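Visitor: Before we start, here is the structure in question, set down as structure tokens.
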Amino acid sequence: FMTFQRTKVWKNSETLWTDTIKHFPDAPVPRTNRANYLISTSAGDKDKAKQDEMLQMALEDCNVALKANANHAKGYENRQNIYLRLNKDSLALADANSLIRLEPRNRLGYYTKGSVYQRFNMPDSALVSFNKCLEISPNTDFALNNRGSILFNNYQKYNEALADFNRAIQINPSGDYYLNRSYCYYRLGQIDKAKADVSVALQKNIAVPENYRQLLNLYFIEFPKRLHILHLVGDLLSLPSMRRCGHSQYY
């Protein structure tokens, strides 16, 4: 009978966890589970106001969960992601450190640290954190993308950046990763490959800077000096969002 009652409210994860929260308002698990759903859903919504509304609700859920249990790792994991999305980088870094203290092998704590250091223009520290994330979980495509972005932007190590973008594409053929790899191919003088990757990026509905489109046909146009490192957010399981060189992805 209880299972039947739960099924009646299970239209999606939000309705299920909202119903559970009505009965157990301070329980950390349903709060962080609903937050996780809201973070994921907000990443796919093009309406900025709706995104912000969902993120604020998710933030409140995480705050309630962590007030009830200050050692609830999932609360920090979700909240650091929200803070990245809201550009509250110092708060994201603090939560990442708390998460690593509780779960020293949590890849996302190191990923968030790397993303914050990347935003703070501290490439050496960012690289250390992304390396640690990838040591723990070598197939974390968004960490490979961000590390490749640092290697490109800050160290001009184009071959090493190319290797990271190649691996990221093997794991998750995101259009943003193709655009980043195109920039590497261009710097390495492999223009045909650069064009081919831009074509794939466009097919995947990725916006390609107009000056770069021109550059691939009119080589005297100035090349953009930096890639745009994407700062990703979204559901940890669906792996959305820091993609382009220059932004940080959200997970």
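Throughout, the numbering used here is defined as the position within the sequence shown, counted from one, plus 19.
Backbone N, C-alpha and C define an ideal beta-carbon position, used for all residues, glycine too.
In this text, all values refer to a predicted model and were calculated from it rather than measured experimentally.
#1: Mind checking glycine 208: buried by the 16 CB within 10 Å criterion, or exposed?
#2: Out of Asn185, Val135, Lys132, which has the shortest C-alpha to C-alpha gap to asparagine 158?
#3: Inspect the CB distances between the segment 124-132 and the segment 94-109 and report whether three or more fall short of 8 angstroms.
#4: Please name the residue, chosen from Ala84, Thr60, Thr131, that lies closest to leucine 103 on a Cα-to-Cα basis.
#5: Give me, in chain order, the residues of the same chain whose beta-carbon lies closer than 6 angstroms to that of tyrosine 238; leave out the 5 immediate sequence neighbours on both sides.
#6: Rounded to whole angstroms, what is the Cα-Cα separation between glutamate 78 and lysine 212?
#7: Proline 47: buried (16+ other C-beta within 10 angstroms of its C-beta) or exposed?
#8: Is the separation between the beta-carbon of leucine 74 and that of isoleucine 101 shorter than 8 angstroms?
#9: Between the alpha carbons of leucine 198 and leucine 170, how many angstroms are there, rounded?
#10: Output needed for lysine 223: all residues of its chain with C-beta closer than 6 angstroms, excluding positions within five of it in sequence on either side, in chain order.
#11: Is the distance from the Cβ of lysine 214 to the Cβ of leucine 235 below 8 angstroms?
#12: Going by C-alpha to C-alpha distance, which of Arg120, Asn55, Ser134, Met141 sits closest to aspartate 108?
#13: Return the chain-ordered list of same chain residues with a C-beta closer than 6 angstroms to the C-beta of valine 219, the five sequence neighbours on each side being excluded.
#14: Give, in chain order, every unbroken run of the alpha helix (DSSP H) that is at least 4 residues long and sits entirely within the segment 143-217.
#15: Taking the alpha helix (DSSP H) that glycine 133 falls in, what are its first and last residues?
#16: Nearest by alpha-carbon distance to arginine 206: which of Tyr231, Ile225, Arg50, Ile188 is it?
#17: Tell me the DSSP secondary structure of aspartate 38 in three-state form.
#18: Could you give the residue range of the alpha helix (DSSP H) that holds leucine 110?
#19: Might you give, ordered along the chain, the residues of its own chain that have their beta carbon closer than 6 angstroms to the beta carbon of leucine 110, omitting 5 neighbours on each side?
#20: Short check: CB of asparagine 165 to CB of phenylalanine 139, under 8 angstroms?
#21: Of the choices Asp216, Asn90, Asn52, whose alpha-carbon is the least far from that of asparagine 116?
#22: Measure the Cβ-Cβ separation of leucine 118 and glutamine 99 and say whether it is below 8 angstroms.
#23: In whole angstroms, give me the CA-to-CA distance for aspartate 274 and phenylalanine 161.
#24: So, at 6 angstroms on beta carbons, what are the nonlocal neighbours of valine 217 in its own chain, with the 5 sequence-adjacent residues on each side left out?
#25: So, helix, strand or coil for alanine 226, using DSSP?
#26: Return the CA-CA distance between valine 147 and tyrosine 56, expressed in angstroms with no decimal places.
Guide: To lay it out plainly:
#1: exposed
#2: Asn185
#3: yes
#4: Thr131
#5: Here the model assigns tyrosine 238 a pLDDT of 46, short of 50, so the residue's position is not dependable, and the following value carries that caveat. Nothing listed; no residue qualifies.
#6: For clarity, residue 78 is leucine in the given sequence; the question names glutamate instead. So the alpha carbons of these two residues sit roughly 43 angstroms apart.
#7: buried
#8: yes
#9: 15 angstroms
#10: Gly194
#11: yes
#12: Ser134
#13: Tyr197
#14: 160-172, 177-190, 194-206
#15: 126-138
#16: Tyr231
#17: helix
#18: 108-121
#19: Tyr102
#20: no
#21: Asn90
#22: yes
#23: Limits of the chain in this structure are 20 at one end and 270 at the other, which puts residue 274 out of reach.
#24: Ser201, Val227
#25: coil
#26: 30 angstroms
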